[in-house]
Structure formats: C-alpha cells, structure tokens
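Structure representation (structure tokens):
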C-alpha cells in the first residue's frame, strides 16, 4: 500500500514541480521582465531548489564518450554497448577506439577488468568516475543492474544465488575472450563476488587473476556501523513485513514484491540528515551568488544520488539474513544453489591462484574498519605475496571509488596491483608468439641445409649416370668389333676358324674372365662351320657386357676430385639404391 501512496503523491506533485522549474527559469533569465524585479535571483534560487527536491530522478546515462589517455593530447573514443542481457542485469562494455597505431597496440595488451557494481538501491552509473578513470589503462566491463519494477513477473524471482551465478557467467565470458580477467567489487557485491570465485575454485575452474574488494561487508561483525546495527537489531520478519511491497500497476513488473528504491534513499538520507540539509542550503546560496561551477557539481552529484531502483524482495531479504544476521560467509555455512539446482558450499580456502586486494576508507560510515580486510584472512591458500590491503586516508565510503581521493590515492594502488598479477597472463600469451619467431628464424637455415643436400644428390646422380653410361658404351663398341670379326670368320676354312675367332675376340675382352668362355666353346662340326662359332662368340659378348658394367663402377670415384669425395660416396650409394629406368636396365 505504501508504494501506491508514494506514486500517488508523486503524481500529484508533478504539476507543481513543473511550475517550479518554469518559474525558476523566468526569474533567472535576464531577458525576462520577471528577471529584472527586486529579489528575482533569490526567488529563482528558491524555485530551483523546490524543483530539485520534488522531481523524479530517472536512471542517468554513463555519458562517457571520450577520454584523454596522456598529456600528449591523444584521446580515445568510447563506444558503450551491451554484451550480455540477462533478465535482471546487463553486462555493459566500454569499447575504446583510436586512429593512432602505437596507442592501439598499447590498448590491445592492457588487462580486462570486470567491475561489479552494487545492487543496493543505486544504479551502476554511481561508478561512473570509477569506469572513466580505469578506461585509460584497462578494458572495462560493468554489471548494470536493472530496476526490478521494470522486470515482468514472467521472468521469475531473483535470489542471492542468482546474483552469484550471474557473476560467474560474466567472469567466464571475459575469460573466453581474453584468457582471464580481473574483478573489482564495490561495497555490497564484495560478498557474492567472493562466493562466486570461491565456488569456481572449488570446482577446479580457472579463477580470475585478481579480485579487488572495496568497502564491502565481508565480516559485518567487525566495527559495526548504523547499517549493520539496523540489520542485527531487527528480526528477519520485521524487514519482510515493513519494507517489502508489490509494484504498482503502472509499471511492467506490476505485482512483483520489491524493496522500493525510495525507501532505500530515505534510509541513506536519514543516516546523515544534517550533511544533506547543509548541501542543499549551500546550493541555494551558490545560485544567488552565481557560482555556476559549484551549482553544477551539486546537480551532478544529486542526479546520481537521488536516482534509485527497486530490488527484488527475495534477493534483499536473503542478503539481510546471509550477510548481516547469520554471517554465513565467515562461519562457513553458506550454500549456494547452482544453475543446475545443486547446493554447493562456499569455501574461500579453496582459492589458490587468485590474488586478493582489499580497500577501505578511513572515514567509511557504511562498511566499518576491518570488515573488508577480513577477506585476506579467509583466503588461507593464497600466498601472502599475493595479498594486499590499502587504506585510503581521509576517504569516506564514496571516496574510495569516486572523486579526488579515488583518482589520486586508490586508483594508482589498484592499477599497480592489477599489472603485477597480469604478468603471468602476458607471459603466457607471448610464449606462442616467441615460439613462432624462433621457428621463423630457423626456416632459412633449414632451407640452406636442404639446398646443400639437394646439390650433393644432384651431383651424385649425374656421376652415377656417367658411371653406368661409360661401361655400356664400351660394351656396345666391343659388340660391334665382335660382329665385324665374325663376318670375316665365316669366309675362313673350318680348320682356321677357332684361331681367327679367338684373335678377333681377344682385343674386345680385356678381362681374364672371358678366356674360359672362349676355351670352353664347343668343337666345330663339319657342316656348317661358322654356326657353332657364332653361338660361342655371342655368349662371350653378353658376358662382356655384364662384366664391363660391374668392373667400371668401383673405378669411378677415382675421377672425382678430393673435395667432392662425400658426393662421390653418396653417388655410389645412390647408384646402387636407385633403379635405372626400364629402357636402361641391364638384361
């Protein structure tokens, strides 16, 4: 019922708010007749303050379109886009562009960072300064949580377990694109992020290179603040009965049980009412003085601070019970339901390879001193060299992730920590490139060796062909001489035929092996006298061909110079192992 009353009141006030805005412009414009009346500037300032106190603040845009990288004047164009769209959250990426080749090369080697924004009443744009600062040196992604009143009931409820599963899915997405990533959680998400990485470690999955937890209630028992006291002094049923209301009908999520954003905003203001009253009064005085810089700073801050969203009732109540009442994380009793529906125990002691850094503000009035640092003691398996704690002197809760102290004190420490842990990923990615460079450098040497071997093989083959061709030519000449001798032998008498044949054969067969062949020739018959001699001589010619070829090869290396001795040896091996073509093969 309270939510409906609030919406009715806002609707009734809307015309008056619009009138206050118009009146402020009329009295504040020098060209308007009302602007020239006495006290016109004070009247304009009063109407402007009424307008800002009564207006409805919608979700602001990140508005990051360009950032300056260094003092040389190089700037980056920023394109904002959604990479994963879940029912209750969007994974938003800020992609950087540049036309400078050197800068582009530098950007490609920078680490990827997942910034997990809080789901505690404000939009993710509260971390605008965080994102803008980190974009200079990192690839930045952020969880942009949706207003629960705009999520239809058909999408189901949203539990703390779903938050943990969302974070794991986003981490795996970045790991799939870049090999690994770093995770930064601010305030409320430190607990579910811690649980998500612990569960990944327990399953044996690859965990992020580092996780930086800033101003979160890891152990809410330490240095309790007003937020902690409210959660511990009220029972669980009190929150369920007093701060949970259904969404009115004029929103897409009508009927969904939520913790309204306007109640969360009221609680924040109630923690420091004097500070907010003083800030609005200063805004009124700055308008009268015409201090445009101060008034614009006031508008930017409260445009962000007053923009709130509704949280699903199940998620909110489970967070109260798990984190602030039962302290399940530090007690080791927290079971998270996975996407598959299985209960898994959160064990921070299973984290071994993820470096841990905690950041606290000296004057933080939301997360007390030591609450975030407790995470270091819970990561028992992480080496001490991979743990670090940083306390921002003089910084409140918002100062650790926004403003001057964030940019000048906290961010340099966070940047150094990420770079130290990113070395392992950089070395792993450079190893394949180095291997390729070495392989490429070896290719010319290998090709030279192959060329030398090829030259030796070619010379050996030429020598082998020479060694075979010379004996064959000699044998062919011998056959011709033998045939000529036989022609003369046919005309001789039978008694003289053996001597003539022997005389004709002797010059053509220098090897001693031919003598037995001639001596063993069969005795001639009376008629015809030449035929037996022809048969004997033909056998001798065939023997001569074979013996000439066999005796010519051993003598071949003598014709090769000493410098080509290895090639000659290779030639002998090649000639014995490589068969000749059929038309040149021996019979």
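Numbering (the numbering used here), first residue to last: 438 to 1024.
Glycine included, C-beta positions come from ideal geometry on N, C-alpha and C.
For residue 630 against residue 620, the beta-carbon gap comes to about 6 Å, under 8 Å, which counts as contact.
Judged by their CB atoms, residue 488 and residue 446 are not nearer to each other than the 8 Å cut-off. Taking C-alpha positions only, residue 502 is separated from residue 740 by approximately 19 Å. When only Cα atoms are considered, residue 563 and residue 471 end up about 38 Å apart.
Counting only residues of its own chain and dropping the five nearest sequence neighbours on each side, residue 833 has a CB closer than 7 Å to the CB of 798, 800, 801 and 802. Its chain contains 725 as the residues whose beta carbon lies nearer than 7 Å to that of residue 479, once the 5 sequence neighbours on both sides are disregarded; these appear in chain order. Contact between residue 818 and residue 787 is confirmed by a C-beta separation of about 7 Å, below the 8 Å threshold. The three-state secondary structure of residue 594, taken from DSSP, is coil.
At least 8 Å separates the beta-carbon of residue 605 from that of residue 561. Uninterrupted alpha helix (DSSP H) stretches at least 4 residues long and entirely within the region 595 to 620 occur at 597 to 615, given in chain order. Sequence-distant partners of residue 732 (beyond 5 residues in either direction) whose C-beta falls short of 7 Å from its own C-beta, in its chain, are 720, 723 and 724.
Beta bridge pairing from DSSP links residue 781 with 773.
Spatial neighbours of residue 831 in its own chain (CB-CB distance under 7 Å, excluding positions within 5 residues in sequence) are listed in chain order as 799, 800 and 842. One alpha carbon belongs to residue 762, the other to residue 780, and they sit about 21 Å apart.
A distance below 7 Å between beta-carbons, with the five flanking residues on each side excluded, links residue 589 to the following residues of its chain, in chain order: 689 and 690. Take the alpha-carbon of residue 513 and the one of residue 534: they are about 6 Å apart. In the DSSP assignment, the residues bridged to residue 526 are 582. Here residue 742 carries a helix assignment [DSSP, helix/strand/coil]. For the 8 Å CB-CB criterion, residue 539 and residue 576 do not form a contact. Taking 3 residues as the minimum length, the beta strand (DSSP E) runs contained wholly in the region 675 to 700 are 694 to 696, in order along the chain. By a beta-carbon distance limit of 8 Å, residue 556 contacts residue 748. Their separation comes to about 6 Å.
Per DSSP, reduced to three states, the secondary structure at residue 825 is strand.
Taken through DSSP and simplified to helix, strand or coil, residue 438 comes out as coil.
Burial state of residue 849 is exposed, judged by a 10 Å Cβ sphere holding fewer than 16 other Cβ atoms. Pairwise C-beta distances place the region 522 to 534 in contact with the region 587 to 603, as three or more of them are shorter than 8 Å. Distances from the CA of residue 659 to each of 462, 463, 495 and 811 were compared; the closest alpha carbon is that of 811.
In the three-state reduction of the DSSP assignment, residue 531 falls in the strand class, which pools E and B.
Contact annotation: residue 744 and residue 496 have beta-carbon atoms nearer than 8 Å. By the beta-carbon neighbour count (other beta carbons within 10 angstroms, threshold 16), residue 717 is exposed.
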